[in-house]
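So this note's numbering is basically just the index in the sequence shown, starting at one, shifted up by 679.
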Amino acid sequence: MKIAFLFLICSPLLSAEEFYDYEPWEEEVESPQMCMPIDHPRPSLVDLEESAQDFILETKRIDIPGYINAFNPSIIRWNGSLLMSFRTYHPVSRATNLIGLVWLTDDFELAGQPQILETRQDDPFCLSKKQDPRLISVGDRLFMVYNNQISYITAREIRRMVVAELHYDGKRFYTDGSVCLDKFDGANEFRSQKNWIPFEYDGALHLAYSISPHLVYRPLMTGECEMGSMSDKTVPWDWGILRGGTPALKEGDEYLAFFHSSINLPSVHSDGKIILHYFMGAYTFSSEPPFEITRISPHPIVGKNFYHGVTHRTWKPLRVVFPGGFVSDEKHIWVVYGRQDHEVWAVKLDKQKLLQSLIPVE
């Protein structure tokens, strides 16, 4: 018999008025207040994978020769084929700021040689510390949205979102320029920005700054962002602050995307230690401004080997699943995600069952 998630979190929800007084993408976590089940033999050590949903059909690790510790992928169907991006480690310094690209088959096997993205013109405002790329198309143009450390603040590491158009010469992908988004309502020069959610609307790139409230900007590609819309519905979610994950894509008459969140808790996977666990969920929002959140997963999405397996050495003790992109057909959705900052995986979902599992956001 499967068990439900065995903890409840009391997490504050922000009003629109309070929104600009806090930074949603800092690694803030809540201390969970756990409600333990009566029948569980060791209630403090929850096996999260016992709550795997029936819409999870398959999980598959994607190995990339030459980049054995690649992680945090994104994916897009581009010119009829699957293109996946990923982060990887520098072979000498072990820095995690290299971005790779590789073509895949429809079975998520490699269809070509992986390459490190060639940057032919650096952004003068940003250092070479790119992280967590997401792939998004706007019309017939291909873009990568990522974060990078800005160079004009030296007292501490501050990050901003960056947009770069990708070009393909038939053999290699490259960029010949990028735009650092450092001018937007509520900007604070001492607060980093990460995980903005890209989507296309009305032929233009849009970026969701946050999910709750759902604040959307339209980048002007000059470094400035134009306010798009804000919807401040209360979004029910008890597993930490909602943070960006995959780009949002149209599915029917709504957009669909997958987010991540995190909380500290003990589990089987952490050997009973209270450490940060990451979770993945799905949500939809309306296809027209103000892009109101309409539905959300009632519980974290969990599949086989999300949390069991090699833990690897991470920057601090973590159990991580980090969604970065998805593709779909009429019956299925494939989400690519990073695991433990060292692995690339794909999870296959039954589309109809996933969408039926989402609950309304009133």
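Each residue gets a CB set at the ideal place from its N, CA and C atoms; glycine is no exception. Remember, predicted model here, so these are calculated numbers, not experimental data.
- Counting other Cβ atoms within 10 Å of its Cβ, Ile832 stays below 16 and is therefore classed as exposed.
- Excluding residues up to 5 positions away in sequence, Leu806, Lys808, Glu836, Arg838 lie with their Cβ nearer than 6 Å to the Cβ of Gln828 in the same chain.
- Assignment of beta-bridge partners to Glu729 by DSSP yields no partner.
- The Cβ-Cβ distance between Ser940 and Trp918 falls below 7 Å.
- Membership of Ser760 in the beta strand (DSSP E) is indicated by the continuous run 760-767.
- The stretch 852-865 makes no contact with the stretch 918-935: fewer than 3 CB pairs, one atom from each, lie closer than 8 Å.
- Proximity of the stretch 755-767 to the stretch 722-733 falls short of the contact definition, fewer than three beta-carbon pairs being nearer than 8 Å.
- A check of alpha carbon separations from Leu944 across Ala936, Phe937, Ile953, Gly1003 identifies Ile953 as the nearest.
- Annotated three-state conformation of Leu780 is strand, per DSSP.
- Non-local C-beta neighbours of Phe970 in its own chain, meaning closer than 7 Å and more than five positions away in sequence, comprise His893, Val895, Ser908, Ser910, Phe964, ordered along the chain.
- With contact defined as three or more Cβ pairs closer than 8 Å, the stretch 1002-1019 and the stretch 734-754 are in contact.
- About 5 Å separates the CB atoms of Asn826 and Gln810; that is less than 8 Å, so the two are in contact.
- DSSP places Lys850 in the coil class of the three-state scheme, outside both helix and strand.
- The three-state reading of DSSP puts His948 in helix, counting H, G and I together.
- Going by DSSP, Ser871 is part of no beta strand (DSSP E) at all; its letter is neither H nor E.
- Looking at the DSSP output, Trp1013 sits in a beta bridge with Val1006, Lys1027.
- Taking the CA atoms as reference points, Glu1009 sits about 43 Å from Phe804.
- Counted as a single uninterrupted DSSP element, the beta strand (DSSP E) harbouring Gly907 occupies residues 904-910.
- Each residue's CA atom was taken as its position, placing Arg740 and Lys995 some 23 Å apart.
- For the options Asn867, Lys1030, Ile754, Ala790, the alpha carbon positioned closest to that of Pro812 is the one of Ile754.
- The straight-line gap separating the alpha-carbon atoms of Leu783 and Gly951 is approximately 38 Å.
- With contact defined as three or more Cβ pairs closer than 8 Å, the stretch 1022-1034 and the stretch 997-1012 are in contact.
- Within 10 angstroms of the beta-carbon of Thr913 lie fewer than 16 other beta-carbons, which makes it exposed.
- Remark: C-beta atoms of Trp875 and Met840 approach each other more closely than 7 Å.
- Short of 6 Å from the beta carbon of Glu879, and not among the five residues preceding or following it, lie these beta carbons of its own chain, in chain order: Val817.
- Nearest Cα to Gly1003 within the set Gly988, Phe958, Thr901, Thr990: Phe958.
- DSSP, reduced to helix, strand and coil, places Gln1035 within a helical segment of the structure shown.
- In the displayed model, Trp994 falls within coil according to three-state DSSP, outside both helix and strand.
- In the DSSP assignment, the residues bridged to Gln810 are Asn826.
- In the displayed model, Pro892 falls within coil according to three-state DSSP, outside both helix and strand.
- An exposed status is given to Arg820, since fewer than 16 other beta-carbon atoms sit within 10 Å of its beta-carbon.
- Under DSSP, the beta-bridge partners assigned to Glu930 are Glu933.
- When DSSP states are grouped into helix, strand and coil, Ala790 belongs to the coil group.
- Shown here for Ser830: same chain residues with a beta carbon closer than 7 Å to its own, the five before and five after excluded, namely Phe804, Cys805, Leu806 in chain order.
- Here the alpha carbons of Leu777 and Ile795 stand approximately 7 Å from one another.
- Across the set Leu860, Val858, Cys859, Phe822, the C-alpha of Phe822 shows the shortest separation from the C-alpha of Glu844.
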